[in-house]
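One structure below.
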Amino acid sequence: MSAASAARSILTTLHEVMAARTHAQAKLNQVVEVIGDALDSEVCSIYLLRDGMLELFATRGLNQAAVHVTRLGVGEGLTGTIAQNIETLNLDQAATHPEFQYRPETGEEKFHSFAGVPIVRRERAIGVLTVQHVEPRRYEEVEIEALQTVAMVLAELINNAGLVDGETLGGSAETVSGQLICEGMQLVNGLAIGEAVFHQPRVHIEQTVAEDTEAERQRVYLAFDRMREQIDAMTSQAEFGMGGEHVQVLETYKMFAYDEGWSRRINEAIDSGLTAEAAIERVQQRTRMRMREISDPLLQDRMHDLEDLANRLIRIVSGQLGTAAQKGLSKDTILVAKNLGPAELLEYDKRRLKGVVLEEGSLTAHVVIVARAMGIPVVGRLRNLRGQVREGDTVLVDGDKAAVTLRPGQGVLTAFEARFAQSREKKAAYAKLRDVEPFTRDGERIEVMMNAGLRDDVGMLAMTGADGIGLYRTEFQFLVSATLPQRERQERLYRDVLEGAKGKKVIFRTVDIGGDKSLPYLSNSTAQEDENPAMGWRALRLALEREGLMKTQARALLDGAAGRELNVMFPMVSEPWEFDAAKAVFETQREWLKARKHQLPTAINYGVMLEVPSLAETLDLLLPRLSFVSIGTNDLTQFLFAADRANPALAERYDWLSPSILRFLDRVVKTCAGTPVHLGVCGEMGGRRLEALALIGLGIRRLSITPAAVGPIKELVRKVDTKEIGQAMRGWLLNPPENMRHTLQEWAREKGIEFD
Ligand code: PEP
Ligand code: MG
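Here the sequence shown is numbered in the working numbering, starting from 98 and rising by one per residue.
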């Protein structure tokens, strides 16, 4: 008999049992009979989790007096082990297993062979289904498969009958998984409490037994077709805005999507009487169990990919598409995802989104920059996170310590809330510095500006008391739009920003699209070859070629800044001529507007971002034509070290406080010294206290940082003596200490300067 037909004959009968108008207990009593008969087993028992214990709910073959009397802890005996590990056991001699425990009231001593499978719902074991036999023999693979399929259907029956404590599964489920603390990588500081919501929601399968097998088969065929179309479309778009790693992942997706073995196994599960959704889940469960035995991390990564794809398939088949953003958030939320794009994050309701936890992520990935701008704590690089957290779990995000607590116990929750309150107090203390000008101890004025990109960000100027906006990322408007923003919309935004800034300086950076900021509506003419988009057709390179785009933006900025000062900054300038070409586009537009008697800006200042190392070589030649230079340390670092800023594997490899970066920056400072050109830093580096200290030591006097860092950096500035740190820095640059970070930390500690 095949596994499919074994399961099918049981499921057909079970279907009738489940449909009958009898009490849940009566149904369970029938279920054990049906299974026992089908597998020719003397014993069949069902244990369900109640109040944290596995209670014998129904049995055939064991003493009936033991029903509702025999109770085992999770992890106790064979049954408890199955629930704890969510694993199958198949033993010819049960008594020889190290976890075996004998319960005299059951009368099970005469049964030698034992097999048990967990009954799983929402990735938690809510019970165990066991069969036992007098004769010592291992159950065959087909029998085990049938048991597993039946356990899946039983999960539905048990849930519908409310036999375990409802949807949340109450405290009992907590016993299965309990509190878990996961260590990750600190991406955005801050604390948050909320309920776990999956960015790609899991579909909860409500019906497991099929009414019409052929119809289910058709549904799966169609879903496979759609999924393959989606993957093909994603792969063909991949060259624009996706790093090499993503392309690799897509290739794996493609391999799985077209894998005959996978679709065949799903078909077999449908043959056994399951619905399309249940069949996909069933195959996934089996794969999960197999993979658990393999510890190869590479294979485990592939397992994640397969999980992603299986979830996608279930979503397609059940018609439950879309991300959690589209459904809307109803509670304080901690968003759980493998990774996110910046545009995807921006779709969420800011009032409800409290924190983000990712399996991937790196400090300077744009999604992280956006989260930082939104003031949302993020912890990343949490391996297998989605396997450990469940929708609706309480999650504590500690962006300061890079830790995430799942399902915290009361004590941990209380302690966390106390820290939360403390951090709010600290924030309030920083807020008091809002109107205090940041002078160093020796009287140097440091300009503390902020980075922005969303319309609402401008409000943060008044809230933080920043000196202005040192980097306005205009591409954010493009990222949040479904179509290319028209000139009028751009102009309106720029005017609103300048109005909101109330005379404070705003530096608009022209669009920096490409890299990890891809736009579905803007295709790449060189797409096919762009294997490395961060170093490819992006930012000014793209804008100069797409002259229409650049002209439109130039006009929008010039009109939007009518009657005010306009500061324009070009990203990714690698050679001086690129600056000249970009400036020429603006100047031509200015002439055009002037001829048509438009009101013009009172002054136009042009500057560059220094983020491609080559520019440092010719900076002296370009300086006379510039008003300002802003060092983009995010890109600069990735290019200096040849280390993709979005690649999680490299996220912790190189330190911003490395002699190479500091010496590089020192050289730029020296090149600009004595010229009227304003020099600043606008990368994420400047928003960290220790790094900011180093930058001040190098002679940087303008920082543009994430709004949340304005308070902490102002506070730092007031503790610094530029001569002291300048002198120390000169020594370290000449003779770099073995670990610059530690040396600087030590130095700061001696001076009573706190760092993050
Ligand atoms: C940078 O590269 O440092 C920068 C500030 O720009 P972005 O992060 O937008 O690339
Ligand atoms: Mg950059």
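Cβ coordinates follow ideal geometry from the N, Cα and C atoms, glycine included.
CB-CB length for residue i against residue j, believed under 8 angstroms
i           : j           : result
residue 557 : residue 547 : 6 angstroms
residue 120 : residue 306 : Residue 120 to residue 306, Cβ: 20 angstroms. No contact.
residue 756 : residue 715 : Not really, about 23 angstroms apart at Cβ, beyond 8 angstroms.
residue 160 : residue 109 : Not a contact, Cβ separation roughly 30 angstroms.
residue 479 : residue 442 : Contact flag wrong, Cβ pair sits at about 17 angstroms.
residue 550 : residue 569 : 7 angstroms
residue 463 : residue 614 : 5 angstroms
residue 762 : residue 795 : 5 angstroms
residue 647 : residue 605 : Not really, about 13 angstroms apart at Cβ, beyond 8 angstroms.
residue 503 : residue 277 : 4 angstroms
residue 467 : residue 320 : Contact doesn't hold; Cβ gap of about 32 angstroms is too wide.
Between the CA atoms of residue j and residue i - distance to the nearest angstrom
i           : j           : result
residue 742 : residue 782 : 13 angstroms
residue 448 : residue 473 : 10 angstroms
residue 788 : residue 498 : 18 angstroms
residue 118 : residue 228 : 26 angstroms
residue 538 : residue 408 : 57 angstroms
residue 281 : residue 653 : 42 angstroms
residue 341 : residue 597 : Its pLDDT being 44, under 50, residue 341 is placed unreliably by the model, and the measurement read from it follows with that caveat. Distance between the alpha carbons of residue 341 and residue 597: 40 angstroms.
residue 252 : residue 156 : 17 angstroms
residue 707 : residue 671 : 8 angstroms
residue 776 : residue 664 : 14 angstroms
residue 484 : residue 423 : 23 angstroms
residue 209 : residue 123 : 28 angstroms
residue 519 : residue 289 : 13 angstroms
residue 351 : residue 114 : 41 angstroms
residue 561 : residue 808 : 7 angstroms
residue 374 : residue 315 : 12 angstroms
residue 370 : residue 194 : 34 angstroms
residue 523 : residue 837 : 28 angstroms
residue 640 : residue 806 : 31 angstroms
residue 629 : residue 635 : 10 angstroms
residue 232 : residue 176 : 20 angstroms
residue 470 : residue 554 : 8 angstroms
residue 689 : residue 682 : 11 angstroms
residue 517 : residue 239 : 53 angstroms
residue 854 : residue 372 : The first residue shown for the chain is 98 and the last is 853, placing residue 854 beyond what the model contains.
Burial state of residue i (16 or more Cβ within 10 Å)
i           : result
residue 594 : buried
residue 490 : buried
residue 138 : buried
residue 727 : buried
residue 165 : exposed
residue 633 : buried
residue 532 : exposed
residue 213 : buried
residue 544 : buried
residue 428 : exposed
residue 705 : buried
residue 711 : exposed
residue 717 : exposed
residue 103 : buried
residue 768 : buried
residue 458 : buried
residue 800 : buried
Residues near residue i in its chain [Cβ-Cβ closer than 7 angstroms; skip 5 each side]
i           : result
residue 699 : 660, 661 and 662
residue 255 : 145, 216, 223, 224 and 261
residue 764 : 713
residue 760 : 830
residue 852 : 786, 787, 842 and 845
residue 131 : 107, 110, 111 and 114
residue 105 : 368, 369 and 370
residue 860 : For the chain, the structure presents residues 98 to 853; residue 860 sits outside this window and is missing.
Close beta carbons around residue i, own chain, < 6 angstroms, minus the five adjacent residues each side
i           : result
residue 843 : none
residue 383 : none
residue 722 : none
residue 191 : 197 and 211
residue 264 : Confidence at residue 264 is low in this model, with a pLDDT of 40, below 50, so its placement is unreliable and the value that follows should be read with caution. Same-chain partners within the cutoff: there are none.
residue 493 : 290, 502, 505 and 513
Other residues of its chain near residue i: CB distance less than 8 angstroms, five sequence neighbours each side excluded
i           : result
residue 437 : 296, 453, 455 and 464
Residue i Cβ short of 7 angstroms to the ligand ZN heavy atom set
i           : result
residue 176 : This structure lacks the ligand ZN; its bound ligands are the ligand PEP and the ligand MG.
For the ligand MG, residues whose Cβ lies under 5 angstroms from any non-hydrogen atom: Residues flagged by the Cβ proximity filter: 708, 729 and 732.
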